[in-house]
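Student: These protein sequence lines are chains A and B, in that order. Using our numbering, the letters of the first sequence correspond one by one to residues 1 to 118. Using our numbering, the letters of the second sequence correspond one by one to residues 119 to 462. My structure is below; once you've seen it, I'll send some questions.
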Amino acid sequence: MTIPMAILADAAPVTAAAPANVMVTLVLALALFGIGLVGFLTRRNMILMFLCTELMFQAAALAFVAFGRMWMDLSGQLMVIFILTVAAAEAALALGLVVLLYRRKETLSNEAWADMKE
Amino acid sequence: MNANLFYAAAALGAVVLYLMMEQRPAPFRAALTVAGLAAVGLMASAVARNAPAPDGIENPGPFWLHVLLSMVAVAGAARMVTHPRPVYAALYFVLVILAVAVNFLLLQAEFMAFALLIVYAGAILITYLFVLMLAQQSGDRATRGEDSAWYDRTPREPAVALVLAFVIVAATGDALFRKDSALPWNASPALVARAGERAWERLADMPAQLADEARAVATESAKDEAARTAIAGAKLVPLEGGRMLQASPDGATATATLKLADGTTVDVTLDGSRAPDNSKALGHALVAEFPVSLELAGVILLMALFGAVVLARRQMEMAEDERRAAAGLPRIGDGDALRRGGAA
C-alpha cells in the first residue's frame, strides 16, 4: 500500500503497526466513549443527547480502525463504512423526530416528555 | 504490565469532567484544562510504559502525534459534553472529528479519514446545526434572558454518570493493559505475510491494473526507446498454476510475466508500492468480499429516506370523501358513479 507520508513509507504492501500507536488509539477510543456516555447521561437537551451518541459512534469507529490496523485487515474499515451509514440514517430520523417533538412542546428538554415513562 | 497509572489518569479525567459541568471563572477553567490534558498525558505515559516493545518497527514520531491528537480530541469532546450553548457543542464535535480523521490517516485508513470528514463534518454536523437553529430561536421561552436555556446549563446527575463511565472505562482498560492478552500487539511474520498475500490477491483480481503496474515496472528497467515501445504493447501471461501473479513467501513482493509482441517474455518483480492503495483495496474488499454489507447499507439508507418522508409529511385532515377521491375511488355521495364503479 502506498502511504502519502514519508514516516510510514515502506517497501512491503502492508506494514506491521507499532503496538504503542495502536494502544494509544484504543485508549483514546475508550476515553471518547466514556465522555460520550457521560454526555448522554448528563445532558438534558435532546439534540445534544443524540450528538453524544455520535461521539460514542466515533469511539467505536476509532477502535474498529485501530484493531483492523493491528490485525492488518480491512474488515475494520468496512465496519466503519457501515457505522457512517447508520449514523447518517440515525441523524436524519432522530433529528426529524426531535423537530416534531419540539413543535409540540416548544422545548428541547427531554424532561418535558418525562410522563412517557409511565 | 500494570494498569494503575491508567486508572489514576481515568479517575483524574473523571474529576476534571465533573468540575467542568458547572460554569466556572476563567482562571479555574484554565487550571481544569491543564489538569485534563495532564490526564490524557498520564494515559499516554501508561501506554508508553506498558505497550509491548516494538520489534524494531517505525520511529517514535507517530506515537507523539497520536498523543497530541488524543489531547485535541479529548479536549474537544469534554467541552462538547459540558458547553452550555448547543451550537458551540456541535462545533466542538467538529474538532473531535478532525482529530479522529487525522488519527485514521496515521493508521493507514486514508479513505475512511476523508469519508469521515465529508460525511460527518460535511453532512451530519450540518444537519445537526440546522436543527439546532430551527429549534432554538432567540428569545426562546426557555432561555429567559440568559444566553442559554436552563436545561443546557444544569447537568443531570453528573456524579452518578461519571462513576458509571469511570467503571466502564477502567474495566475495558484493564482488558487492554493485560499482560496475558491474546491480541497480536506485535504482528507475527505469518500475519504480515498473509496480509501481503491478500494485497497481491486483490491486485490479481484487477487485471487491467495489474498489467499497467507490470508494464510500468518493466519500462523502468528498459534500456532504450524501442524496448519501451515493445513493453507498452506487452501482455501478461499466466504463471505456472494459472495465476497471473505470484506473491513471495513473505508477502513483500510479487512476480508476474509479460509477453512482448515478438514472443519474448519478461519477468517483473512488483514491490510494495505497486500493491493497491487503501481506497482501491477497500473498494475491492467491499464489492468482492462483503457485498451483503454493501446491500444492507443501501437498505438502511432507503429505510431512513422513507422514514424522513413520513416524518416530514404535513399531516392533513381529510374527510372520508376527499380520501376516496385521492385514492381514485368514486365519492360516497355520488350514487351513479358508485353503481357504475360497481358494475365495472
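Virtual Cβ for every residue (Gly too), placed ideally from N, Cα, C.
In angstroms, rounded to a whole number, what distance separates the CA positions of ALA128 (chain B) and ARG361 (chain B)?
Tutor: 53 Å
Student: In this structure, how does DSSP classify SER411 (chain B) when only helix, strand and coil are distinguished?
Tutor: helix
Student: Count Cβ pairs between the region 415 to 425 of chain B and the region 31 to 50 of chain A that sit closer than 8 Å; are there 3 or more?
Tutor: no
Student: In chain B, which residues lie less than 9 Å from ALA60 (chain A) when you measure between Cβ atoms?
Tutor: Residues of chain B passing the Cβ test: none, with the nearest at roughly 11 Å.
Student: Going by DSSP in three states, GLU106 (chain A) sits in which element: helix, strand or coil?
Tutor: Coil at GLU106 (chain A), not helix or strand.
Student: Cβ closer than 7 Å: which chain A residues qualify as neighbours of PHE408 (chain B)?
Tutor: LEU78
Student: When the cut-off is 8 Å and only beta carbons count, does TRP113 (chain A) lie next to chain B?
Tutor: no
Student: Any beta carbon from chain B within less than 8 Å of ARG104 (chain A)'s own beta carbon?
Tutor: no
Student: On the DSSP bridge assignment, give the partners of ALA374 (chain B) in chain order.
Tutor: B:VAL386
Student: For LYS353 (chain B), which three-state DSSP category applies?
Tutor: strand
Student: With 16 other CB atoms within 10 Å as the buried threshold, where does MET251 (chain B) fall?
Tutor: Flag for MET251 (chain B) reads exposed.
Student: Which word fits ARG69 (chain A), buried or exposed, when buried means at least 16 other C-beta atoms lie within 10 angstroms of its C-beta?
Tutor: buried
Student: How about LEU97 (chain A) and GLU275 (chain B): are their beta carbons less than 8 Å apart?
Tutor: Not closer than 8 Å, so no.
Student: What is the DSSP secondary structure of GLN364 (chain B), reduced to helix, strand or coil?
Tutor: DSSP places GLN364 (chain B) in the strand class (E or B) of the three-state scheme.
Student: Grab the span of the alpha helix (DSSP H) containing TYR125 (chain B) for me, first residue to last.
Tutor: 122 to 138
Student: Looking only at its chain, what residues have a beta carbon closer than 8 Å to the beta carbon of THR383 (chain B), apart from the 5 residues adjacent to it on each side?
Tutor: VAL355, THR375, LEU376 and LYS377
Student: Would ILE242 (chain B) and ALA91 (chain A) qualify as a contact pair, given that the criterion is a beta-carbon distance under 8 Å?
Tutor: yes
Student: Taking Cβ positions, are TRP71 (chain A) and PRO302 (chain B) nearer each other than 8 Å?
Tutor: The answer is yes: Cβ separation under 8 Å.
Student: Determine whether the beta carbon atoms of LEU123 (chain B) and LEU160 (chain B) lie at a separation below 8 Å.
Tutor: yes
Student: Going by DSSP, what residues sit across from ASN45 (chain A) in a beta bridge?
Tutor: A:SER109
Student: What first and last residue would you give for the alpha helix (DSSP H) that runs through TRP318 (chain B)?
Tutor: 307 to 322
Student: If you draw a straight line from the C-alpha of ALA365 (chain B) to the C-alpha of ALA329 (chain B), how long is it?
Tutor: 15 Å
Student: Within its chain, find whatever has a CB closer than 8 Å to the CB of ARG142 (chain B); leave out the 5 residues flanking it on each side and keep chain order.
Tutor: Taken in chain order, the residues that qualify are LEU150.
Student: So, with DSSP's three-state summary, where would you put PRO448 (chain B)?
Tutor: coil
Student: Excluding five sequence neighbours on each side, which residues of the same chain lie with their C-beta closer than 7 Å to the C-beta of LEU187 (chain B)?
Tutor: ALA217, VAL220 and ASN221
Student: Under the rule that 16 or more other beta-carbon atoms within 10 Å means buried, what is PHE248 (chain B), buried or exposed?
Tutor: exposed
Student: Please identify, using Cβ separations under 8 Å, the residues of the region 218 to 233 of chain B that lie next to chain A, in order along the chain.
Tutor: VAL218, ASN221, PHE222, LEU223, LEU224, LEU225, GLN226, ALA227, GLU228, PHE229, MET230 and ALA233
Student: Here's a check: name, in chain order, each residue in its chain whose Cβ is nearer than 7 Å to the Cβ of ALA157 (chain B), leaving out the five neighbours to either side.
Tutor: ALA127, LEU130, GLY131 and VAL134
Student: Label VAL278 (chain B) either buried or exposed according to how many other C-beta atoms from any shown protein chain fall within 10 Å of its C-beta, with 16 as the threshold for buried.
Tutor: exposed
Student: Apply the 10 Å Cβ neighbour rule to ASP380 (chain B) and answer buried if 16 or more other Cβ atoms are within range, or exposed otherwise.
Tutor: exposed
Student: Secondary structure at GLY159 (chain B), three-state DSSP: helix, strand or coil?
Tutor: helix
Student: Mapping the DSSP letters down to three states, classify ASN464 (chain B) as helix, strand or coil.
Tutor: The structure shown has nothing for residue 464 (chain B), since chain B only spans 119 to 462.
Student: Please report the straight-line C-alpha distance between ALA322 (chain B) and GLU358 (chain B), rounded to a whole angstrom.
Tutor: 15 Å
Student: Quick one, which of B:ASP385, B:GLY194 and B:ALA344 has its alpha-carbon nearest ALA332 (chain B)'s?
Tutor: B:ASP385
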